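Participant: I'd like to ask you about the structure that follows.
In the working numbering, the protein residues as written are 6 to 148.
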């Protein structure tokens with residue numbers, strides 16, 4: 006679906022893990038948002054989530070940054086979680102097949118038609134009509 010930058014590929018290849026097996030999920034998403042007190046926004050964030058697999062568990066840890074140190078720290082956090090969760094799992098991941106080296110996954114519902122802007126605008130207007138009764142929204146902020 007998309008190509009990783011050379012920098013990210015090098016960083017992924019340099020990660021070190023003590024887990025029997027681990028995977029790295031790089032997520033790119035696009036999103037449009039409408040707010041009652043803001044402007045329309047379009048975002049295309051991306052993130053990476055390492056997931057080490059011990060024989061029984063596969064926790065995911067999302068890094069705060071995509072630097073080499075940030076990715077390695079997230080992988081190490083996920084490894085700590087995996088070791089702590091052994092024995093408290095619902096699935097035996099050892100019996101499941103490991104993912105392929107590279108795959109493109111699409112979220113369920115991705116192919117369905119998105120609601121048009123008019124639908125979201127109507128919803129936004131209906132919510133905006135209620136703002137005057139929401140004191141937490143209408144209360145002035147101290148400056």
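The C-beta atom is built at its ideal place from N, Cα and C for all residues, glycine as well.
The structure displayed is predicted, hence computed values, not measured ones.
For the alpha helix (DSSP H) that contains residue 133, what are its first and last residues?
Facilitator: 122 to 134
Participant: Mind checking whether residue 24 and residue 79 have CB atoms under 9 Å apart?
Facilitator: no
Participant: Just how far apart, CA to CA, sit residue 20 and residue 14?
Facilitator: 10 Å
Participant: Please say whether residue 22 and residue 84 have beta carbons closer to each other than 9 Å?
Facilitator: yes
Participant: Report the rounded CA-to-CA distance for residue 131 versus residue 73, giving the unit in angstroms.
Facilitator: Cα to Cα, residue 131 sits roughly 46 Å from residue 73.
Participant: Quick one: Cα of residue 118 to Cα of residue 129, how far?
Facilitator: 20 Å
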